[in-house]
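Data block below; observations after.
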Amino acid sequence: MIATEAKADRLLQRILDEMVEARQYENKSAREMRRMIKRFDECFDAPLHANEVTLESIKRSIGLLLQGGMTLKSAKKVAQSVATVVRYADPTMLPRWQRIPLLFDGADADVAQPKDWPLVRIVNQLFVASGKRSKTTIVKYRQACRRYCRFAKSMQRASDVTPERLEEFRHWQLKQGYSEGTAEDGCDHVAAVVRTADAGILPPKYRRKLFADAKRPAFDDGEIGGTIEWIMLNEYFPMKQRIASKQTERMYAAATAKFSRFLERPATLADLDDLVVSRWLRSMRDDLAPATIAGYAKNIRAFWDWCARTEKMRRFPTFADPPIPRHIPRAWSIPQLNALLSACGRMEGAIAGVPAPLWWGCLLLVALDTGERRGALFQLAWEHYDPETGRLEAPAEIRKGRGKSAIYWLRAPSIEALAAIRPPKRELIFEWSSGAFDTYFRKLVELAGLPYEPHKSGLQKLRRSFATLVEANGGDATAALMHTARKVTEQSYLDTRLIDRPSPNLLLPSFTMSPDVPTEG
Numbered sequence: 001m002i003a004t005e006a007k008a009d010r011l012l013q014r015i016l017d018e019m020v021e022a023r024q025y026e027n028k029s030a031r032e033m034r035r036m037i038k039r040f041d042e043c044f045d046a047p048l049h050a051n052e053v054t055l056e057s058i059k060r061s062i063g064l065l066l067q068g069g070m071t072l073k074s075a076k077k078v079a080q081s082v083a084t085v086v087r088y089a090d091p092t093m094l095p096r097w098q099r100i101p102l103l104f105d106g107a108d109a110d111v112a113q114p115k116d117w118p119l120v121r122i123v124n125q126l127f128v129a130s131g132k133r134s135k136t137t138i139v140k141y142r143q144a145c146r147r148y149c150r151f152a153k154s155m156q157r158a159s160d161v162t163p164e165r166l167e168e169f170r171h172w173q174l175k176q177g178y179s180e181g182t183a184e185d186g187c188d189h190v191a192a193v194v195r196t197a198d199a200g201i202l203p204p205k206y207r208r209k210l211f212a213d214a215k216r217p218a219f220d221d222g223e224i225g226g227t228i229e230w231i232m233l234n235e236y237f238p239m240k241q242r243i244a245s246k247q248t249e250r251m252y253a254a255a256t257a258k259f260s261r262f263l264e265r266p267a268t269l270a271d272l273d274d275l276v277v278s279r280w281l282r283s284m285r286d287d288l289a290p291a292t293i294a295g296y297a298k299n300i301r302a303f304w305d306w307c308a309r310t311e312k313m314r315r316f317p318t319f320a321d322p323p324i325p326r327h328i329p330r331a332w333s334i335p336q337l338n339a340l341l342s343a344c345g346r347m348e349g350a351i352a353g354v355p356a357p358l359w360w361g362c363l364l365l366v367a368l369d370t371g372e373r374r375g376a377l378f379q380l381a382w383e384h385y386d387p388e389t390g391r392l393e394a395p396a397e398i399r400k401g402r403g404k405s406a407i408y409w410l411r412a413p414s415i416e417a418l419a420a421i422r423p424p425k426r427e428l429i430f431e432w433s434s435g436a437f438d439t440y441f442r443k444l445v446e447l448a449g450l451p452y453e454p455h456k457s458g459l460q461k462l463r464r465s466f467a468t469l470v471e472a473n474g475g476d477a478t479a480a481l482m483h484t485a486r487k488v489t490e491q492s493y494l495d496t497r498l499i500d501r502p503s504p505n506l507l508l509p510s511f512t513m514s515p516d517v518p519t520e521g
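So for the sequence shown, UniProt numbering puts the first residue at 1; every next one is plus one.
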């Protein structure tokens, strides 16, 4: 009994050290428990002894941890860790862990409106519950909120944040050694958390001009009723059945975010004015590529047109599209394609159990036989392929737009390549399990001795090569690509440098310059 009493007089961290020495816990588990006990001690501003821990002190720590932004799950871990260490010192001091969860009943009963919650708690409960943001993004928001609390030297609630304080926070971050981009992101993230709790506290103007849309979560203002983003999410997308891709929705989100950035507030239907939109498009000329601006204009025009047809707007859009320089699409020539196929033999490793040279060679051959897009190629399953006839079917569900299926009759090299990669057994033909595809494809292009252009030398260039070769050999590339408009094929797929067509000037009669120069009489 004396030994037990002496053990109970010790600090919690000391008792945990004894548990580790007695091999009650492995090092990894001990580190986690040590961190939990440290969080518990921080609630009382001093390390506690085991005999100082009671159910009331644990309940108090739970309340403080929740107010500080900790999730309920993490607070339970802290309570469990403390109770385990205390019971190791003296099993009679606390009830068994089965009764500890009762302390959490009603733990959130005294919580006021979200705007009165601590910033970190808004992230932990509202952001996580929405499921709209990835784990990595949530971590960044949480770090920004904790950094803001360090700046303020106290726990901060959403209602405590003002535009002036955010500007001071930005300068404080710069003085602490953070880069300008990180400082701006910190302000953006804190402002987004505050607007999630209450949209009326801050205007959405704390975003960087050039890169905000790439880092801004899609439809960040989608929860604010009456905004363009809200209408897109709740009415436009559900009614536009042709918008079947999340990527397309993100493109609409990027356009709307840029428009809101220009207005320095969430865009609404009242902002859809030809002059306002034209000024917005012109304001981006120095920062973005013409094709990107045209894409934003296309999405806003489509949404506005739908609003007019559904009588949400009185007028249809009449603003002019921004000009786009039309460059000749680039495709690989036959010698370059042969070099690319030869380079497959020098790729190392294995992909989904298939030797890399065989996998890459088969992918290129099938892509050149079908002209299919990357997304459809990676979703092709073995059930779509008939090895007896060489028929490959791409169902509408895996193709762009999900509107039309396609059937291809493969040639002998592709059939042989598919037979070589058939084992091991798997569902998808081109199952990818090695990380970033573009990184490995760039390596393949460079092994072939070909120049690599980011965003221009991927599998889409194989599709352009397919279309160009079909057209160069007397075929119809528009039909081969299953395009509905010839204009799309000519502007985006045909490399006219590789198509042997007579030059228009050869159709003209010959002209000669007379050696006699007429003189005045």
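Idealized CB from N, CA, C, for every residue including glycine.
Rank 507, 329, 248 by C-alpha distance to the C-alpha of residue 453 and give the top, closest one.
For the purposes of this step, residue 453 is identified with residue 453 of the sequence shown, where counting begins at 1. Comparing Cα-Cα distances from residue 453 to each of 507, 329, 248, the minimum goes to 329.
Thinking just about the alpha-carbon of each residue, which of 258, 384, 267, 269 is nearest to the one in residue 525?
The structure shown does not extend to residue 525, since the chain spans only 1 to 521, so no value can be given for it.
Only counting the same chain, and skipping five residues up and downstream in sequence, which positions put a Cβ closer than 7 Å to that of residue 194?
Mapped onto the sequence shown, residue 194 falls at position 194. Here the set comprises 158, 161, 201, 202.
Should residue 54 be counted as a contact of the ligand HEM given a C-beta to heavy atom distance under 7 Å?
Ligands are entirely absent from the displayed structure, and the ligand HEM is therefore not among its contents.
Could you say if the stretch 453-468 and the stretch 379-393 meet the contact criterion of at least three C-beta pairs nearer than 8 Å?
Segments in contact, no.
Under the rule that 16 or more other beta-carbon atoms within 10 Å means buried, what is residue 108, buried or exposed?
Residue 108 sits at position 108 when you count from the first residue of the sequence shown. Summary for residue 108: the model assigns pLDDT 45, below 50, so the residue's position carries little reliability, and this model does not support an answer.
Threshold first: 4 residues or longer. Then list the alpha helix (DSSP H) segments lying entirely within the stretch 158-204, N to C.
For the stretch 158-204, whole alpha helix (DSSP H) runs of length 4 or above, ordered along the chain, are 163-175, 180-197.
Thinking C-beta only, is residue 346 closer than 8 Å to residue 447?
Mapped onto the sequence shown, residue 447 falls at position 447. Mapped onto the sequence shown, residue 346 falls at position 346. Yes, Cβ-Cβ distance for residue 447 and residue 346 is below 8 Å.
Alpha carbon to alpha carbon, how far is residue 74 from residue 100? Give it in angstroms, no decimals.
As a position in the sequence shown, residue 100 is number 100, starting the count at 1. As a position in the sequence shown, residue 74 is number 74, starting the count at 1. Confidence at residue 100 is low in this model, with a pLDDT of 49, below 50, so its placement is unreliable and no value can be given for it.
State the CB to CB distance for the pair residue 61 and residue 85, rounded to an integer number of angstroms; the pair is presumed to be in contact (CB under 8 Å).
Indexing the sequence shown from 1 puts residue 61 at position 61. Indexing the sequence shown from 1 puts residue 85 at position 85. Rounded, the Cβ-Cβ distance is 13 Å, inconsistent with contact.
CA-CA distance, residue 469 and residue 367?
Position 469 of the sequence shown holds residue 469. Position 367 of the sequence shown holds residue 367. Roughly 13 Å between the two C-alpha positions.
Would you mind giving the Cβ-Cβ distance between residue 411 and residue 369, rounded to the nearest angstrom? I have them listed as a contact below 8 Å.
Locating residue 411 in the sequence shown gives position 411, where the first residue counts as 1. Locating residue 369 in the sequence shown gives position 369, where the first residue counts as 1. Sure, about 6 Å apart at Cβ, within 8 Å.
Pick out whichever of 323, 324, 306, 32 has its Cα sitting closest to the Cα of residue 317.
One-based indexing of the sequence shown puts residue 317 at position 317. It is 306.
What's the gap between the Cα of residue 415 and the Cα of residue 232?
Walking along the sequence shown from the start, residue 415 turns up at place 415. Walking along the sequence shown from the start, residue 232 turns up at place 232. So the alpha carbons of these two residues sit roughly 45 Å apart.
Cβ of residue 324 within 8 Å of Cβ of residue 294?
Position 324 of the sequence shown, counting from 1, holds the residue named residue 324. Position 294 of the sequence shown, counting from 1, holds the residue named residue 294. Cβ distance < 8 Å, so residue 324 and residue 294 count as in contact.
Could you tell me whether the Cβ atoms of residue 467 and residue 498 are closer together than 8 Å?
Position 467 of the sequence shown, counting from 1, holds the residue named residue 467. Position 498 of the sequence shown, counting from 1, holds the residue named residue 498. Cβ atoms of residue 467 and residue 498: not closer than 8 Å.
Between which residues of its own chain and residue 98 is the CB-CB distance below 6 Å, once the five residues before and five after are set aside?
Position 98 of the sequence shown, counting from 1, holds the residue named residue 98. Its pLDDT being 42, under 50, residue 98 is placed unreliably by the model, and nothing is read from it.
By a C-beta neighbour count over all protein chains shown, 10 Å radius and 16 as the cutoff for buried, is residue 266 buried or exposed?
The residue you call residue 266 lines up with position 266 of the sequence shown. Buried, by the Cβ-count rule.
Taking the alpha helix (DSSP H) that residue 337 belongs to, which residues open and close that run?
In the sequence shown, residue 337 corresponds to position 337, counting from 1. It spans 334-343 - the alpha helix (DSSP H) in which residue 337 sits, taken as one unbroken run.
Our contact map puts residue 478 next to residue 489 with C-beta atoms below 8 Å; I'd like the distance itself, whole angstroms only.
Within the sequence shown, numbered from 1, the residue matching residue 478 stands at position 478. Within the sequence shown, numbered from 1, the residue matching residue 489 stands at position 489. Correct: roughly 4 Å between the Cβ atoms.
Would you check if the distance between the CB atom of residue 511 and the CB atom of residue 430 is smaller than 8 Å?
Position 511 of the sequence shown holds residue 511. Position 430 of the sequence shown holds residue 430. No, these two residues do not count as a Cβ contact at 8 Å.
Could you have a look at residue 504 and say whether DSSP puts it in helix, strand or coil?
What you label residue 504 is simply residue 504 of the sequence shown in a count that begins at 1. The answer is helix: DSSP assigns residue 504 an H, G or I state.
Along the chain, where does the alpha helix (DSSP H) that runs through residue 377 open and close?
In the sequence shown, residue 377 corresponds to position 377, counting from 1. Here the alpha helix (DSSP H) through residue 377 covers 374-377.
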